[in-house]
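Protein chains in written order, with the working numbering: chain G, 17 to 300; chain W, 63 to 400. C-beta: ideal position from N, C-alpha, C; glycine also. Bear in mind that the values here come from a model prediction, so they are computed numbers and not experimental data.
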Amino acid sequence: MKGFFSYIKRNPALGAGLGILIFLILFTSLGRLIVDPEHAYPLSVKANQPPSAEFPFGTDRQGRDLLAVMVVGTGMTLQIGAIAGAIGLGVGIVLGFVAGYYGGTFLDTIITSFIDVYMSIPSFLILILIASTFRNITLGVTEMGLIVAIVSWAGPARAIRAQVLSMRERPFVMMAKLSGMGNIEIVMKELVPNLLPFLVMSLSQAVYGGIMASLGLEALGIGSRRAPTMGMTLYYVNYYSAFMVGMWWWIIEPVAVIVLTLTSLVLTSFGLDEIANPRARRKA
Amino acid sequence: MRANYVIRRVFFLIMVIWTAATINFILPRLTGRDPIKEQLTQQIASAGRKAEDAEQMWRKYNELFGLDKPLWQQYVTYISHVARLDFGYSINSYPRTVMDIIISRGRLTLPFVSVAIIIAFVGGILLGALLGWNKSPKWLSTIVVPPLMVLSSVPQFLVALVLIYFVAFRWKLFPLGDPYPKTMVEDWSSLKFIGQYAYHAVLPILSIVLVELSGWALGMRAMMVTVEGEDYAVFAEAKGLKNGRIFYRYLMRNALLPSLTGLALRLGFIITGASVTETFFNYAGIGSTLGAAISNFDYFLLYGIVIIMVMSIAFATFIMDMIYPLLDPRIAYRGQRG
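Written as structure tokens, this is what we have:
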């Protein structure tokens with residue numbers, strides 16, 4: 017533990033990123049003990065109230081208590097990101113290792129060109145197509161996470177392949193091969209542990225990408241009309257023109273939560289990059 | 063080598079557009095129902111359209127998707143229509159074709175998005191180079207980098223929302239939305255119109271610039287630090303070259319190249335991001351039309367805009383791929399591997 021804190025001192029980005037992330041998780045989990053999560057849904061409290069003692073965060077046009085919206089919504093948005101990130105990283109690991117480690121030139125070329133073509137199609141447009149085609153299906157938090165995952169695998173797959181490719185030729189892998197380790201054993205015991213910081217970094221980037229994509233979709237109104245996620249909150253801010261009636265609290269709160277969420281993820285992956293890639297470490 | 067490189071990129075360009083069109087074709091079929099048909103039926107039932115209008119739309123629909131024919135034939139017909147940029151009629155504003163709407167809206171979006179991208183890129187490169195330069199004062203980085211990190215990690219429309227509230231609503235410096243005053247007619251030959259267009263575009267441009275400039279500044283700053291460690295940079299300094307010359311010709315010139323690749327990769331992201339931003343500005347460009355097509359279930363328009371966006375982004379990337387080797391002689395038109 018002491019080692020951890022003295023390391024954080026040298027890597028303030030990681031410390032700040034993890035710190036904000038933990039704060040957000042505490043906010044959404046402990047917050048549920050204080051506020052009634054039901055108040056995050058329409059018609060549960062008096063509408064259009066500025067922040068007061070009763071409603072410290074104010075209420076919105078539809079009669080949601082914005083404190084409850086922030087508490088519940090932060091969790092939902094993080095959940096969407098977590099689902100998308102986990103799936104994206106999983107697929108990315110499989111494809112990345114298959115292409116970079118097992119794949120002969122042929123399989124590698126096929127996977128790599130597919131990723132290249134796929135990445136050249138703006139992922140947001142694919143998402144719009146998918147989400148609007150399947151719109152009759154209720155888009156809950158899980159469904160949103162699954163849809164967003166469709167675009168979050170390509171980045172990790174490509175980056176992991178590049179890492180595996182360079183690591184495959186390192187002496188310690190050769191040594192493992194010579195000592196008779198099987199391919200799966202080498203991947204699990206030699207490559208994955210060495211790539212761990214890198215994989216965690218990819219995870220946090222995939223979560224970031226997933227949240228960004230879900231925010232964009234929801235801001236366009238593709239999402240659950242009822243769920244108080246951050247993106248839907250922004251959609252309603254725009255839909256009811258909160259800025260025209262001067263409901264500043266309704267604008268500033270989701271903006272603040274989103275800024276904190278995204279910044280924490282970026283700082284975390286930035287900090288992890290310093291671990292994964294020592295050459296990137298700042299000079300002195 | 064040259065011809066080889068060009069052929070490769072052309073092939074890649076075709077692959078990208080073809081894949082996008084194929085996704086477009088497959089997706090509605092995966093649902094097991096026909097969202098377009100449902101929407102058309104609903105439209106015809108609710109809007110009380112004239113019977114011949116409906117029939118015309120059905121005919122076009124069948125021509126495009128030929129539902130009675132075998133699947134492969136439907137696919138071939140569809141792809142050939144896409145190749146001819148024929149996306150049929152808009153479901154909601156019937157007599158207009160999808161392409162007609164795309165052109166009339168696209169010309170409001172294209173100028174401001176292009177200007178925004180250029181300002182963001184050039185500004186970001188210069189700021190980043192300055193931040194990464196070892197001769198720059200240290201406090202500059204301390205003050206500028208944290209806000210850049212925050213700005214570069216949030217979506218454009220978030221910045222747009224804040225700008226709309228403070229700059230447009232509170233301080234009333236710029237209009238709240240629309241590409242030009244509602245009292246004006248779109249006329250690109252009148253200077254007054256262009257002036258109004260520019261005035262209305264300031265905030266949308268600013269939303270894109272603030273986010274994108276920050277990203278490029280941070281990337282450029284990191285590249286500058288790497289380049290400064292190179293032998294030729296040390297040698298240039300040892301030779302006693304002037305600071306300005308080292309900065310522009312030795313450091314910036316070399317650090318610039320990865321940023322250009324970054325520009326090509328990010329283009330799609332910026333343009334789709336701008337679509338959401340337009341919706342927040344209630345800006346009647348191609349992006350908010352896309353948003354409206356989604357809410358109105360206007361599938362023809364939606365699919366048309368998506369394909370056109372994929373095509374334009376792929377073409378822009380292709381052009382940059384062609385220019386890139388001219389700027390970096392090391393590439394020498396060789397394909398990238400590994």
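Residues of the segment 348-368 of chain W whose Cβ lies closer than 9 Å to any Cβ of chain G, in chain order:
LEU352, GLY353, ALA355, ILE356, SER357, PHE359, TYR361, LEU364, TYR365, ILE367 and VAL368
Span separating the alpha-carbon of GLY237(G) from that of MET286(W)
41 Å
Which class does ARG298(G) belong to by DSSP, given the choice of helix, strand or coil?
Any reading at ARG298(G) needs caution, since the residue's pLDDT is 48, under 50, leaving its predicted position unreliable; the model's value is listed next. Coil.
Which one or two residues does DSSP pair with THR159(W) in a beta bridge?
Residue pairing by DSSP puts THR159(W) in a beta bridge opposite TYR151(W).
Between PHE214(G) and chain W, is any beta-carbon pair separated by less than 9 Å?
no
Report buried or exposed for LEU389(W), applying the criterion of at least 16 other Cβ atoms within 10 angstroms of its Cβ.
exposed
State yes or no: is the beta carbon of ASN86(W) nearer than 9 Å to at least one beta carbon in chain G?
yes
When burial is assigned at 16 or more other CB atoms within 10 Å of the CB, is ASN199(G) buried or exposed?
exposed
Taking the alpha helix (DSSP H) that ASN254(G) belongs to, which residues open and close that run?
246-255
Exposure of MET310(G), with buried meaning 16 or more beta-carbon neighbours within 10 Å
Missing from the structure shown is residue 310(G); chain G here goes from 17 to 300 and no further.
Spatial neighbours of ALA83(W) within its chain, please: CB distance less than 7 Å, with the 5 preceding and 5 following residues excluded, ordered by chain position.
For ALA83(W), where only same-chain residues beyond five positions count, the Cβ hits under 7 Å are ILE141, VAL144 and ILE369.
Under the assumption that GLY33(G) contacts LEU211(G) (Cβ atoms under 8 Å), give the Cβ distance between them as a whole number of angstroms.
The Cβ separation is near 20 Å, so there is no contact.
Supposed contact pair TYR312(W) and ALA298(W) - C-beta distance, whole angstroms, cut 8 Å:
About 5 Å; that satisfies the 8 Å criterion.
Look up ASP81(G) in the DSSP assignment and give the residues it is bridged to.
According to DSSP, which records beta bridges pairwise, ASP81(G) is partnered with THR75(G).
Through-space distance from VAL216(G) to ALA63(G), alpha-carbon basis
42 Å
4-residue-minimum alpha helix (DSSP H) runs that sit fully inside the segment 113-158 of chain G, ordered along the chain
121-136 and 139-149
Compute the beta-carbon to beta-carbon distance between GLY281(W) and GLY324(W), rounded to the nearest angstrom, for a pair I have assumed lies under 8 Å.
6 Å
What is the residue span of the alpha helix (DSSP H) that LEU238(W) lies within?
LEU238(W) -> no alpha helix (DSSP H), and no H or E assigned at all.
With a threshold of 16 other CB atoms inside 10 Å of the CB of LEU235(W), please say whether the residue is buried or exposed.
Around the beta carbon of LEU235(W), fewer than 16 other beta carbons lie within 10 angstroms, which makes this residue exposed.
At a Cβ cut of 9 Å, what residues of the segment 311-344 of chain W count as close to chain G, listed as they run along the chain?
Flagged, chain order: LEU327, LEU329, GLY330, PHE331, ILE333, THR334, GLY335, SER337, VAL338, THR341, PHE342 and ASN344.
Beta-carbon proximity of ARG80(G) to VAL61(G), cut-off 9 Å
yes
ASN316(W) to ALA295(W), Cα distance in whole Å?
10 Å
Determine, using beta carbons only, whether ILE267(G) comes closer than 9 Å to chain W.
yes
Assign GLU311(W) to one of three DSSP states: helix, strand, or coil.
Residue 311(W) is actually Arg in this sequence, not Glu. ARG311(W) falls in the helix class under three-state DSSP.
Going straight from the alpha carbon of ALA178(W) to that of MET248(G), what length do you get?
Near 27 Å, if we compare the C-alpha coordinates of MET248(G) and ALA178(W).
What is the DSSP secondary structure of GLU248(W), counted as helix, strand or coil?
coil
Run the CB neighbour count on ASN52(W), radius 10 Å, all protein chains shown included, and call it buried at 16 or more, exposed below.
There is no way to answer for residue 52(W), as the model of chain W reaches only from 63 to 400.
I'd like to confirm something about LEU278(G): is its beta-carbon nearer than 8 Å to some heavy atom of the ligand HEM, or not?
By its list of ligands, the structure shown contains no ligand whatsoever, and the ligand HEM lies outside what it can speak to.
Starting from PRO209(W), trace the alpha helix (DSSP H) in both directions and tell me its first and last residue.
200-215
Comparing the C-beta of LEU111(G) with each C-beta of chain W, is any distance below 9 Å?
no
Given PRO72(G), which residues of its chain have a CB within under 8 Å of its CB, disregarding the five upstream and five downstream residues?
LEU83
If the criterion is Cβ atoms closer than 9 Å, does the pair ILE36(G) and SER280(G) meet it?
yes
Which chain W residues are close to GLY232(G), counting only those with a beta carbon under 8 Å from its beta carbon?
PRO217, PHE219, THR334, GLY335 and VAL338
Does the beta carbon of ALA138(G) come closer than 9 Å to any beta carbon on chain W?
Residue 138(G) is actually Pro in this sequence, not Ala. Closer than 9 Å to some Cβ of chain W, the Cβ of PRO138(G) qualifies, so yes.
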